[in-house]
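Mapping to numbering that gives the first Met the number 0: the sequence shown position 270 is 269, numbers consecutive.
Even glycine gets a Cβ: it sits at the ideal position worked out from N, Cα and C.
Heads up, the thing below is written out as structure tokens.
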Amino acid sequence: MREPAQRLTGVGSTIFAEMSALAVRTGSVNLGQGFPDEDGPAEVIEAAVAALRGGRNQYPPGHGTPELLDAVVAHQRRHYGLELDRSQVVATTGATEAIAAALLGLVDPGDEVVVLEPYYDSYVAMIQFAGAVRRPVTLRAPDFRLDAAELAAAVTDRTRLILLNTPHNPTGTVLTRSELEAVAAVAIEHDLVVVTDEVYEHLTYDHEHVPLATLPGMFERTVTISSAGKTFSVTGWKVGWASGPADLVASVEGAKNWLSYASGAPLQPAVAVALNEHDAFHQALAKDLREKRDRLCAGLSTLGMQVYEPAGTYFVTTDVSALGHADGRAFCAALPELAGVVAIPSQVFYDDLDEGRHLVRWAFCKQREVIDEGLRRLGAADLRAR
Ligand SMILES: *Cc1c(COP(=O)(O)O)cnc(C)c1O
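See below:
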């Protein structure tokens with residue numbers, strides 16, 4: 000057995016793949032990984048078919064196909080009043096590659112990256128690949144707000160970048176304008192770049208998503224990342240983008256060039272159609288998800304868990320300690336056998352294990368029958384620790 004490279008230490012596999020495989024193996028209801036079980040808009044899928052049949056099958060421009068770049072420009076103007084040009088957008092292989100390219104293109108070995116905890120797991124891997132050091136700022140139950148003083152205290156003279164995520168996975172927090180103003184104040188004071196992952200920008204429930212780049216003085220230091228996966232229920236397409244000032248976008252593209260060079264030629268024009276013509280899809284999706292959130296939250300609460308209702312994203316976090324479980328990881332490991340349900344132990348998204356030990360993340364981007372069947376199974380099982 001040969002050892003993997005050191006940069007893989009501690010980041011061998013993603014918890015989502017691990018738990019989805021467990022769900023398949025045990026025939027469990029998968030409330031773990033955040034992928035919808037319904038397709039995106041039919042016209043958008045037809046646009047991809049047309050592109051495949053229409054000869055869009057060779058390398059597209061590394062920067063992105065012109066239709067997609069223009070659609071992202073138009074989207075940022077229409078939704079947020081941000082004025083971009085094509086040089087300020089780069090298409091990527093999902094938000095995942097945009098995150099990778101941003102960190103590899105903007106951070107040097109030894110630099111520190113301030114990141115919200117709990118964190119999305121690819122952040123940890125990519126900070127590590129860049130040779131950088133993560134400095135978590137914890138969002139704490141029950142309301143998972145960003146503490147401005149803790150954020151300021153996490154910044155040192157080695158800090159290069161703040162990596163933000165709003166709406167936030169896994170907590171469902173949507174950062175308020177005043178929290179974002181605190182981020183902006185710290186970034187401006189220390190002359191930092193901020194990379195902000197906004198893949199759930201359209202999936203909020205009665206809460207306004209404010210892009211950090213719209214705050215005064217922030218556009219020129221902010222790389223905004225999004226993707227078609229969550230907005231249009233096409234998580235398998237892996238079409239994303241980064242936008243911001245041309246110098247920062249050029250650094251992201253400089254790294255992206257050597258990762259994938261270019262991304263999915265036939266899918267990019269289809270995503271352009273989605274962005275240009277299908278705002279109604281994500282508006283309806285958000286409405287539907289809001290109902291599913293309420294359904295899952297009510298059900299989990301009835302089972303005796305403490306439920307932290309999310310303002311955005313696909314996920315609800317619960318505290319399972321009221322059921323007598325001190326450890327969410329052990330709880331989630333036992334759950335397929337006990338109830339035939341899979342969920343994600345949030346502790347894997349923490350450096351500070353004590354903050355996340357008893358927290359479990361449940362996905363509600365599933366058909367109502369799936370949510371109901373999951374709840375039925377959980378209700379039929381004896382979830383209390385013995
Ligand atoms: C799903 C997700 C991503 C990955 O997006 P892709 O476009 O599938 O690569 C990135 N960040 C967060 C917070 C996510 O939940």
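**Prompt:** Below 8 Å, can you find three or more Cβ-Cβ pairs linking the region 241-252 to the region 86-95?
**Reply:** yes
**Asked** How is Val173 classed by DSSP in three states: helix, strand or coil?
**Response** In the sequence shown, residue 173 corresponds to position 174, counting from 1. In this structure, Val173 counts as coil in the three-state DSSP scheme.
**Request:** Entirely within the region 335-372 and at least 4 residues each: give me those alpha helix (DSSP H) ranges in chain order.
**Result:** 352-355
**Asked** Between Leu30, Asp110, Thr312, which lies nearest to Asp371 when the distance is taken from Cα to Cα?
**Response** Taking the sequence shown and counting its residues from 1, the one referred to as residue 371 is at position 372. Nearest C-alpha to Asp371: Leu30.
**Request:** Compare the Cα-Cα distances from Ala100 to each of Ile224, Met217, Gly263, Ser345 and report the closest residue.
**Result:** Taking the first residue of the sequence shown as position 1, residue 100 is located at position 101. Checked all of Ile224, Met217, Gly263, Ser345; the closest Cα to Ala100 is Ile224.
**Request:** Over the uninterrupted beta strand (DSSP E) stretch that includes Asp196, give me the two end residues.
**Result:** Position 197 of the sequence shown, counted from the start, is the residue given in the question as residue 196. Counted as a single uninterrupted DSSP element, the beta strand (DSSP E) harbouring Asp196 occupies residues 192-196.
**Request:** Specify the secondary structure class of Gln267 as computed by DSSP and reduced to three states.
**Result:** For the purposes of this step, residue 267 is taken as residue 268 along the sequence shown, with counting starting at 1. Correct three-state label for Gln267: helix.
**Item:** Beta-bridge pairing of Thr316 - partner residues as DSSP gives them
**Value:** On the sequence shown, residue 316 is found 317 positions in, with the first residue counted as 1. Note: Thr316 sits in a beta bridge opposite Tyr307, Arg360.
**Prompt:** By the 10 Å Cβ neighbour count, where 16 or more other Cβ atoms means buried, how is Asp257 classified, buried or exposed?
**Reply:** Locating residue 257 in the sequence shown gives position 258, where the first residue counts as 1. Sequence inspection shows Trp at residue 257; the Asp mentioned does not correspond to that position. Result: exposed.
**Asked** Is the distance from the Cβ of Gly39 to the Cβ of Tyr313 below 8 Å?
**Response** Your numbering for residue 39 matches position 40 in the sequence shown. Your numbering for residue 313 matches position 314 in the sequence shown. Cβ distance not < 8 Å, so Gly39 and Tyr313 don't count as in contact.
**Message:** Taking 7 Å as the cut-off, is the C-beta of Val198 nearer than that to any heavy atom in ligand 1?
**Reply:** By 1-based counting over the sequence shown, the position of residue 198 is 199. Flag set: Cβ of Val198 near ligand 1.
**Assigned secondary structure, Trp240 (DSSP; H/G/I helix, E/B strand, else coil)** = In the sequence shown, residue 240 corresponds to position 241, counting from 1. Of the three classes helix, strand and coil, the one that applies to Trp240 here is strand, per DSSP.
**Prompt:** Cβ-heavy atom distance between Asn275 and ligand 1 below 7 Å?
**Reply:** Residue 275 sits at position 276 when you count from the first residue of the sequence shown. Because no heavy atom of ligand 1 lies under 7 Å away, the Cβ of Asn275 does not count as near it: no.
**Request:** Check whether the Cβ atoms of Leu67 and Gln267 lie closer than 8 Å to each other.
**Result:** Walking along the sequence shown from the start, residue 67 turns up at place 68. Walking along the sequence shown from the start, residue 267 turns up at place 268. Closer than 8 Å, so yes.
**Request:** Could you name the residues that DSSP lists as bridge partners for Val89?
**Result:** Walking along the sequence shown from the start, residue 89 turns up at place 90. Paired residues: Ala241.
**Message:** Let me check understanding here. Comparing Cα to Cα, which of Ser121, Gly239, Val112, Val10 lies closest to Ala273?
**Reply:** Residue mapping note: residue 273 aligns to position 274 of the sequence shown, counting from 1. Per the Cα distances, Gly239.
**Prompt:** In whole angstroms, what is the alpha-carbon distance linking Arg144 and Ala151?
**Reply:** Residue mapping note: residue 144 aligns to position 145 of the sequence shown, counting from 1. Residue mapping note: residue 151 aligns to position 152 of the sequence shown, counting from 1. Near 14 Å, if we compare the C-alpha coordinates of Ala151 and Arg144.
**Item:** Those runs of the beta strand (DSSP E) which lie wholly inside the region 125-150 and span at least 3 residues
**Value:** 132-137
**Message:** Can you determine whether any heavy atom of ligand 1 sits closer than 7 Å to the C-beta of Lys365, and answer yes or no?
**Reply:** To locate residue 365, count along the sequence shown from 1; it is residue 366. Shortest gap from the CB of Lys365 to any heavy atom of ligand 1: 7 Å or more.
**Prompt:** Around the Cβ of Thr301, are there at least 16 other Cβ atoms within 10 angstroms (buried) or fewer (exposed)?
**Reply:** Here residue 301 refers to the residue found at position 302 of the sequence shown. Classification of Thr301: exposed, given that the 10 Å Cβ count is below 16.
**Prompt:** According to the Cβ coordinates, are Glu116 and Leu138 closer than 8 Å?
**Reply:** The residue you call residue 116 lines up with position 117 of the sequence shown. The residue you call residue 138 lines up with position 139 of the sequence shown. It is a contact, given that the beta carbons lie within the stated cut-off.
**Message:** Going residue by residue through the region 36-82, where are the continuous alpha helix (DSSP H) segments of at least 4 residues, counting only ones entirely within it?
**Reply:** When DSSP assignments are scanned along the region 36-82, the uninterrupted stretches of alpha helix (DSSP H) that are 4 or more residues long and fall wholly within it turn out to be 41-52, 65-79.
**Item:** Inter-stretch contact (C-beta, 8 Å, three-pair minimum) for the region 285-303 and the region 362-380
**Value:** The answer is yes - the region 362-380 touches the region 285-303, with three or more Cβ pairs under 8 Å.
**Asked** Under the rule that 16 or more other beta-carbon atoms within 10 Å means buried, what is Gln75, buried or exposed?
**Response** Translated into positions along the sequence shown, residue 75 becomes position 76. By the neighbour-count rule (16 or more Cβ atoms within 10 Å), Gln75 is buried.
**Beta-carbon separation (whole angstroms), Ala384 vs Pro59, contact threshold 8 Å** = Start at 1 with the first residue of the sequence shown, and residue 384 comes out as number 385. Start at 1 with the first residue of the sequence shown, and residue 59 comes out as number 60. At roughly 53 Å, the Cβ-Cβ gap does not stay under 8 Å, so Ala384 and Pro59 are not in contact.
**Prompt:** With burial defined as no fewer than 16 other Cβ atoms inside 10 Å of the residue's Cβ, what is the status of Arg157: buried or exposed?
**Reply:** Start at 1 with the first residue of the sequence shown, and residue 157 comes out as number 158. By the 10 Å Cβ count, Arg157 comes out exposed.
**Item:** Integer-rounded CB distance, given that Val136 should sit under 8 Å from Ala153
**Value:** Within the sequence shown, numbered from 1, the residue matching residue 153 stands at position 154. Within the sequence shown, numbered from 1, the residue matching residue 136 stands at position 137. That belief holds up - the Cβ atoms of Ala153 and Val136 are roughly 5 Å apart, short of 8 Å.
**Asked** Does the Cβ of Thr8 have 16 or more other Cβ atoms within 10 Å, making it buried, or fewer, making it exposed?
**Response** If you number the sequence shown from 1, residue 8 lands on position 9. Result: exposed.
**Prompt:** What did DSSP end up calling Thr223 once you bin it into helix, strand or coil?
**Reply:** What you label residue 223 is simply residue 224 of the sequence shown in a count that begins at 1. Correct three-state label for Thr223: strand.
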